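A quick write-up on the structure given underneath.
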Amino acid sequence: MAGWLRRRLALEIRQIQDAGRAVGRALSAAATGMAPLVDPRRWRDAVLGIRRHHVALAGLTAAVIGAHLWLLSGARELHDQWAPETPEPERLQAAFIRELAPAPPPPPATTPKDGPPGTPQRHIESMPALGDGPAPLPPDPAASEPPPELQALAMPPALAVSDAVGEWMPGIEWPLSTELDYKLSGDFRGAIHGDARVQWLREGSHYQVHLEAWIGPKIAPLMSRRMSSDGEITPLGLAPRRFDEVTGGLAGGNRQSTLLFDLGGVRLANGRREPVPDGTQDAASQFVQFTWLFLTGRQSAQGDLLIQQPLALPRNVHLWRYKVRGMEDVATPLGQIPAWHVDSDMDMEDTRGDMQAEFWLAPSLQYLPVRVRIWQNRPKDPRTHIDLVLKAAPKQALAPAQPAPSASAGSP
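So the number in my numbering is just where the residue sits in the sequence shown, counting from 1, plus 70.
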């Protein structure tokens, strides 16, 4: 196809050149008196012929450019198909047995001693800070006595931090493996309905977060999207190692974007590597990171609080800004659940078209998100969004069994 277009284009160019040379010879002969002027009708026909050739040349040029662009897009698709892909990590397994019923919220979090009020305990050097900036975390926050809200949760002691020298394991400050089911509604060129599920899975210091949403029946959805985060639980919070975003369904096609984190950087979906500061989260892990910050008191919940969070999204790295709007009641099948409304700061001008999120964290449910709203491009399109509202009590796995105490060496 492209070869035929190129040959046809070359032919039109030669015909225009031949016609131009013929007209030029006739004009030169007439100007020197060597030949009479050609009949006007023949002149008109010659000019019209050249004009037709010009129109054909322009059309063929556009067709050749279009064909090349099509070939380039096809070559890119072939490259993406042939390029070796790193398989996704194997999914962690958990048995969700007990329901987590709403409980009276714990006392307000006390302000950490080593940081100013209203800022997360983290120091970010490679990105600009807001105000006074966040303060660094203590070397080992798990070594200190848990704040009152943790004691109120009365979580099993089997999740306590290991006392072994040189070994750190996540303790009671992290929720057990949890599954949350949501009812999905929203707008995408009209009202949409579906369901969603979030799973927080942990095995030792290994964690995974899976957010799956689908429009229409799950067995044959019109569109579906899964966001998965895989990484490590550290004393400073979650440290993502990989993020996958998979879009499918009858109208969603089959697309996947992958982010790979390494020491001090991340490779984005387009292959570009960007530096990131410590504490950077992805689109899925950020919700559990906020749960941990509020649950442990490292981030005090209060209205009009501005929180900055480094985010690595498929196309860009941001220093995202969230604002705590205040405590609001979220209507669910479990009843009205008070929750802190955390919203993307609408004064941000550098989102570069990335999706914006807002969520509601319920103190009575271990600060888990009872509502999540995601906007496609909120500043330019305030209608296109999905809204997830908790539709059943969260389910959690049982605490790991404590090892049996070993007999002392001196016992008979």
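Even for Gly, the Cβ is constructed at its ideal location relative to N, Cα and C. Owing to the predicted nature of the structure, the values given are computational and were not obtained by experimental measurement.
- Query: With burial defined as no fewer than 16 other Cβ atoms inside 10 Å of the residue's Cβ, what is the status of R91: buried or exposed?
  - Reply: Counting every other CB atom within 10 Å of its CB across the protein chains shown gives R91 a total below 16, marking it as exposed.
- Query: Counting Cβ pairs, one atom from each stretch, are 3 or more of them under 8 Å apart for the stretch 342–361 and the stretch 306–313?
  - Reply: Result yes; three or more Cβ-Cβ pairs closer than 8 Å.
- Segment contact flag, the stretch 340–353 with the stretch 367–383, C-beta cutoff 8 Å, min 3 pairs: Here the stretch 340–353 makes contact with the stretch 367–383; the two share three or more CB pairs at distances below 8 Å.
- Item | Residue range of the unbroken beta strand (DSSP E) whose run includes S429 | The question names Ser, but residue 429 is Phe in the sequence shown. Residues 426–432.
- Message: Any heavy atom of the ligand FMN closer than 7 Å to the beta-carbon of Q85?
- Response: What this structure holds is no ligand at all, so the ligand FMN is not there to describe.
- Pick out whichever of L320, L460, Q278 has its Cα sitting closest to the Cα of K288. The shortest Cα separation from K288 among L320, L460, Q278 belongs to L320.
- Task: Could you check the C-alpha separation between Q406 and A469 for me, to the nearest Å?
- Result: One C-alpha to the other measures close to 28 Å.
- Message: Let's test the definition: count the other Cβ atoms within 10 Å of the Cβ of P187 and tell me whether it reaches 16, buried, or not, exposed.
- Response: Only weak support is given to the placement of P187: the predicted model assigns it a pLDDT of 45, under 50, and the value that follows is read from those uncertain coordinates. With fewer than 16 Cβ atoms within 10 Å of its Cβ, P187 is classed as exposed.
- Message: For Q466 and S327, what's the separation of their Cα atoms in angstroms?
- Response: Their Cα atoms are separated by approximately 29 Å.
- With 16 other Cβ atoms within 10 Å as the buried cut-off, status of T366: T366 is buried by the Cβ-count criterion.
- Could you please give me the residues that DSSP links to L292 through a beta bridge? DSSP, once it has assigned bridges, lists no residue as partnering L292.
- Message: Tell me the rounded alpha-carbon separation between R448 and D417.
- Response: Cα to Cα, R448 sits roughly 12 Å from D417.
- Among all the DSSP beta bridges, which residues are the ones paired with F331? F331 has V336 as its beta-bridge partners, per DSSP.
- Query: Who are the Cβ neighbours of H388 in its own chain at under 6 Å, not counting the five residues just before and after it?
  - Reply: Contacts found: L381.
- Between the Cα of A253 and those of V268, Y437, E302, spot the shortest distance and give me the residue it belongs to. Ala is not the amino acid found at residue 253; the sequence shown has Lys there. Looking only at V268, Y437, E302, the smallest Cα-Cα distance to K253 is reached by V268.
- Query: Which of helix, strand or coil does DSSP assign to S355?
  - Reply: In this structure, S355 counts as helix in the three-state DSSP scheme.
- Hey, out of D424, L246, R395, whose CA is closest to K450's CA? For the residues D424, L246, R395, the minimum Cα distance to K450 belongs to D424.
- Query: Taking P384 as the reference, which of G323, N340, S434 has the closest Cα?
  - Reply: Nearest option by C-alpha distance: N340.
- Message: Restricting to Cα atoms, I'd like to know which of I83, A261, W430 is closest to R121.
- Response: Minimum Cα distance to R121 is reached at I83.
- Task: Give the straight-line distance between the Cα atoms of P159 and L81, rounded to the nearest whole angstrom.
- Result: P159 and L81: Cα-Cα distance of roughly 57 Å.
- Query: Which class does L320 belong to by DSSP, given the choice of helix, strand or coil?
  - Reply: Correct three-state label for L320: coil.
- What's the call for A290, buried or exposed, on a 16-neighbour Cβ count within 10 Å? Counting every other CB atom within 10 Å of its CB across the protein chains shown gives A290 a total below 16, marking it as exposed.
- Cβ pair R52, L375 closer than 8 Å: In the structure as shown, the chain begins at 71 and stops at 482. Residue 52 is therefore absent and cannot be evaluated.
- Which of the three DSSP states, helix, strand or coil, is assigned to T248? Shown here, T248 sits in a strand according to DSSP, grouped into three states.
- Message: For the beta strand (DSSP E) containing I444, name the first residue and the last one.
- Response: According to the DSSP assignment, I444 belongs to the beta strand (DSSP E) that extends over 438–447.
- Query: Exposed or buried, L148, counting other C-beta atoms within 10 Å across all chains shown (16 or more means buried)?
  - Reply: Because L148 carries a pLDDT of 44, less than 50, the predicted location of this residue cannot be relied on, and no value is offered for it.
- If you draw a straight line from the C-alpha of G260 to the C-alpha of H455, how long is it? Cα to Cα, the separation comes out at about 11 Å.
- Message: I need the DSSP call for I303, collapsed to helix, strand or coil.
- Response: In this structure, DSSP gives I303 an extended state, which the three-state scheme calls strand.
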